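Have a look at the structure below, then the notes.
Protein chains: 2
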Amino acid sequence: MLKLAILGFLYDRPLHGYELRRHLSALTGHVRPISDGTLYPAIKRLETAGLLVRETEPGTAAAPRHTLHLTEAGRTALRDRLREPEPLDISDENRWFTLLAFLRHLADPAAQAAVLRRRLAFLAEPASFFYEGERPLGAEEFADPFRRGLLLVARATSEAELGWLHATLAELGEPAAE
Amino acid sequence: MLKLAILGFLYDRPLHGYELRRHLSALTGHVRPISDGTLYPAIKRLETAGLLVRETEPGTAAAPRHTLHLTEAGRTALRDRLREPEPLDISDENRWFTLLAFLRHLADPAAQAAVLRRRLAFLAEPASFFYEGERPLGAEEFADPFRRGLLLVARATSEAELGWLHATLAELGEPAAE
DNA sequence: CGACCATACCTCGACGCCGAGGTATAGCGG
DNA sequence: CCGCTATACCTCGGCGTCGAGGTATGGTCG
Chain A
806 MLKLAILGFL YDRPLHGYEL RRHLSALTGH VRPISDGTLY PAIKRLETAG
856 LLVRETEPGT AAAPRHTLHL TEAGRTALRD RLREPEPLDI SDENRWFTLL
906 AFLRHLADPA AQAAVLRRRL AFLAEPASFF YEGERPLGAE EFADPFRRGL
956 LLVARATSEA ELGWLHATLA ELGEPAAE
Chain B
806 MLKLAILGFL YDRPLHGYEL RRHLSALTGH VRPISDGTLY PAIKRLETAG
856 LLVRETEPGT AAAPRHTLHL TEAGRTALRD RLREPEPLDI SDENRWFTLL
906 AFLRHLADPA AQAAVLRRRL AFLAEPASFF YEGERPLGAE EFADPFRRGL
956 LLVARATSEA ELGWLHATLA ELGEPAAE
């Protein structure tokens, strides 16, 4: 997820580590703040993999800033990742949101629509949180207000997203089902 | 999160590993399937910490089943965790949902309400995903349909949950603000 | 002028998670 | 009786994340 977000932000324009950190914490920071000890090794991994290059800017600020540029391989890696996301990118809301934040970089509307359809298929799967044997339990069946709330909120989210998905697929000139 | 879920399920009644796995995958499995390599070490950690005991049941099934029982320390640990959740339990939706699933084990309505109020405070914080300098960007300001959707869905979820939180706090006989 | 904070980068050990692999029995269909 | 699947448990290496720590400069305030 971090890799995806780094590539996504750098796709727009080069940034140095600290700027990147601020962008990242705006995107996912209220949910899960990312720490230096996570970010810098991640940058280094991407550098080693040849997806970005660091250019030292001996300059304005205190420490020598390293401006991070995506390489052509990095740009391709982002587009590939967006075009064919891992299952977890589709199912985990945090990762899906990260993916959505950069999906516009996949220039082809048909490819974008294909990704949205995968999320649609995932949301359409019947999935409850609790079962009695085989039978899924609905929100109404709980006396427990907390489990009821859990199911209620999940359902509301799911409905809002389904509505948006259908509207956006139509907007892209793509049918919801293939 | 796994620790919380294991303690939560075992609080209701003893289970053996395999049953536990099925409960866990119903609760969080559609989002992030949990693997054996995660579950069994987690059980062992809880055992080492004295929060649960394993009782071998030489019996019915194929392999000797270990029925897992919470100890008194385990029951206390769950209640403590529920009473004073970590920040991530409040902010991360996956973890928050897990917490909600077991919040009823905190018998005291005032303590339950205090936890709900923490979530309320978190949701009330103004938090956007994207900024232009200092200014948060609203959904309407994006031409990009994906970022617009991201903000729209996040807002819908947030509103549904706020509604439920207020209703449930009232139901518990507790004001939304202290 | 010293205290303090923001900027900017980096390292390290600990720890949890994952996937891939392994072991073994029970039950079913062919 | 063989192969298959479900049940049930476990280990291991690899990897990503985290928190705590360190280093250094520039700007602001009293």
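Quick mapping for you: the protein sequence lines, in order, are chains A and B.
Note that the numbering used here gives residue 838 to position 33 of the first sequence, counting from 1, and the numbers run on in steps of one.
Note that the numbering used here gives residue 906 to position 101 of the second sequence, counting from 1, and the numbers run on in steps of one.
The beta carbon of each residue, even a glycine, is placed where N, CA and C say it ideally should be.
Please read all numbers here as calculations on a predicted model, not as lab measurements.
The three-state secondary structure of residue 853/B, taken from DSSP, is helix.
Residue 947/A is a Cβ neighbour of residue 935/A, given a cutoff of 9 Å. Assigned with DSSP and collapsed to three states, residue 874/B falls in strand. In the DSSP assignment, residue 826/B falls within the unbroken alpha helix (DSSP H) covering 822-833.
The three-state reading of DSSP puts residue 930/B in coil, since its state is none of H, G, I, E or B. In the DSSP annotation of this structure, the continuous segment of the alpha helix (DSSP H) that includes residue 958/A starts and ends at 950-976. Interface residue (Cβ-Cβ distance to chain B less than 9 Å): residue 860/A is not classified as such. Bridge pairing for residue 936/A: 941/A [DSSP]. Residue-level contact by beta carbon holds for residue 954/A and chain B, with a gap shorter than 9 Å.
In chain order, 821, 822, 859, 860, 861, 862 place their CB closer than 8 Å to the CB of residue 871/A, counting only its own chain and leaving out the 5 sequence neighbours on each side. Counting along the chain, no alpha helix (DSSP H) covers residue 897/A, and no H or E run does either. Here residue 896/B really is in contact with residue 835/A; their C-beta atoms are around 6 Å apart, less than 8 Å. Under the Cβ criterion (8 Å, minimum of three pairs), the stretch 840-856 of chain A counts as touching the stretch 809-816 of chain A. Short of 8 Å from the beta carbon of residue 893/B, and not among the five residues preceding or following it, lie these beta carbons of its own chain, in chain order: 900. Closer than 9 Å to the CB of residue 817/B there is not a single CB belonging to chain A. Looking at the DSSP output, residue 860/A bridges to 872/A.
Here residue 925/B carries a helix assignment [DSSP, helix/strand/coil]. For residue 811/A, the enclosing alpha helix (DSSP H) covers residues 807-817. For residue 902/B, the residues of chain A that pass the 7 Å Cβ criterion are 955, in the order they occur in the chain.
One Cα belongs to residue 975/B, the other to residue 924/B, and the distance between them is close to 15 Å. For residue 958/B, the closest C-alpha among the options 952/A, 815/A, 967/A, 950/A is that of 967/A.
Within chain B, 973, 976 have C-beta atoms less than 7 Å from the C-beta of residue 950/A, given in sequence order. Of the candidates 956/B, 889/B, 845/B, the residue whose Cα lies closest to the Cα of residue 873/B is 845/B.
Sequence-distant Cβ neighbours of residue 921/B in its own chain, meaning closer than 7 Å and more than five residues away, are 970, 973, 974. At a cut-off of 9 Å between C-beta atoms, residue 936/A counts as an interface residue with respect to chain B. At a cut-off of 9 Å between C-beta atoms, residue 837/A counts as an interface residue with respect to chain B. Only buried fits residue 950/B, as 16 or more other CB atoms lie within 10 angstroms of its CB. Residues of the stretch 881-897 of chain B that bring their beta carbon within less than 7 Å of a beta carbon in chain A comprise 893, 896, 897, in sequence order. Within its own chain, the residues whose Cβ lies closer than 7 Å to the Cβ of residue 888/B, once the five positions on either side in sequence are excluded, are 911, 916, listed in chain order. Closest in C-alpha terms to residue 942/A, from the list 828/B, 816/B, 817/B, comes 828/B.
For residue 837/A, the secondary structure class from DSSP, reduced to helix, strand or coil, is coil. Counting only residues of its own chain and dropping the five nearest sequence neighbours on each side, residue 955/B has no CB closer than 6 Å to any other CB.
For residue 843/A, the closest Cβ of chain B is not nearer than 9 Å.
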